[in-house]
Every structure is written in structure tokens, then in C-alpha cells.
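A.B. asks: Counting with the working numbering, you get residues 61 to 225 for the letters of the sequence shown.
Even for Gly, the Cβ is constructed at its ideal location relative to N, Cα and C.
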Amino acid sequence: MTIKVGDRIPDVDFTVMGADGPTKKSSKDVFSGRKIALFAVPGAYTPTCTKTHMPGFVNRIEEFKARGIDGVVCTAVNDIFVLTNWAKDTDATGKIEMLADGSGVFAKAVGLDLDLSEFGLGLRSKRYAMLVDDGVVKVLNVEDSPPIAEKSSAENLCSRLGESI
């Protein structure tokens, strides 16, 4: 079942890069008591993710904060080493929190997993963006096609901030 507006984010663990290397961080730690802009990409270093999706959020980070968002986070079905280097290469380090969902546990739990095996990519996440307030989904924008980043763009998500959060 796909998560929808009004649903609570499931309690799963992500991997994040800590001071001493990879460490676990629960979704409760990420979302509880905070207003979060979350976006998911099918894969770090893929063309749309790198050229369009991530830069949109990096470029609007101050606008998100000015509009009451406590943090912007990105998740992907990649390992934390890949996400950490991708953050460096896209100027997202220190701006966007990277949540590795290496085995797709979160993507499956929210019903937004995507099988791209026919393209040699295996299990991935659909491309989406959501606004989450204290663990509850307030806005959810899911793309119909992985190469498109319009509904899930930072610009679109920012425009929705006054409506629901």
C-alpha cells in the first residue's frame, strides 16, 4: 500500500554518515518534532537526479528554512558512501541530509519502490517529494516517470508550503 497524505512515516532505519563512519538513524529521529522536506531519487549520479533534482533543493535550501522547514533530506536506494560522495559533488554537503536506504526498506515500507531491473538498476525508489510535519505526511508529489522531476521539484514543493504545513 502506498503512503498517502495524513499517514505517518513508518519506523525504519536509514544509514547516515557519522563522524566515525556509517551509522543507523531511525525515521523517528529524522522526522519526530520537525518539519521536513523529503525528496527521493531513483539513484545518485543518474542524469535527472544530478542535473535537475538535487540542484533544485540545494539552490532553495534557504527558502525552505525561511518558510519554516527544519531540514531537507534526500533518500535513495544507494549505500551511504555513494550518497556522501554525491552530496560532495553536488554541493549538498551540510545542506541536505543524506539518508541511505541501501536495501530499499523505506521505499518498500512507503510503497514507493520501483523495479528497474530491466535497465540493470534493480530495486530503486520512485522519484517523489513530500512535506512531513512531526512524522505525518502533509504533501506528497510522486512522479509518473523516473526521468521526470517536475511534480517532485523543489520549486513545486516550496510553492505548497503555505497550504499544508
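(1) On the DSSP bridge assignment, give the partners of Arg184 in chain order.
(2) By a C-beta neighbour count over all protein chains shown, 10 Å radius and 16 as the cutoff for buried, is Ser219 buried or exposed?
(3) Pull up the distance between the alpha-carbon of Leu217 and that of Lys211, whole angstroms please.
(4) Can you give the Cα-Cα distance for Lys88 and Ile69, rounded to whole angstroms?
(5) Could you tell me which of Asn201, Ala189, Gly103 sits nearest to Gly162, measuring between CA atoms?
(6) Could you tell me which residues DSSP pairs with Thr83 in its beta bridges?
(7) According to DSSP, is Lys64 helix, strand or coil?
(8) Determine the closest residue to Lys85 out of Ala100, Lys95, Glu157, Glu178, with distance taken between C-alpha atoms.
(9) Pick out whichever of Phe99, Val165, Asp194 has its Cα sitting closest to the Cα of Pro115.
(10) Taking all protein chains shown into account, decide if Met190 is buried (16 or more other Cβ within 10 angstroms of its Cβ) or exposed.
(11) CA-CA distance, Lys148 and Lys155?
(12) Sorted by chain position, which residues of the same chain lie with C-beta nearer than 8 Å to Arg120's C-beta, five sequence neighbours on each side aside?
(13) Quick one: grab the DSSP three-state call for Thr135.
(14) Under a Cβ-count criterion, where at least 16 other Cβ atoms within 10 Å of its own Cβ denotes burial, should Lys186 be classed as buried or exposed?
(15) Keeping to the same chain, check which residues put their C-beta closer than 6 Å to that of Ala169; ignore five residues upstream and five downstream.
(16) Mapping DSSP to helix, strand and coil, what is Ala209?
C.D. replies: Working from what's here:
(1) Leu174
(2) exposed
(3) 8 Å
(4) 8 Å
(5) Gly103
(6) Val76
(7) coil
(8) Glu157
(9) Phe99
(10) buried
(11) 10 Å
(12) Ala214, Glu215, Cys218
(13) strand
(14) buried
(15) Pro70, Val72
(16) coil
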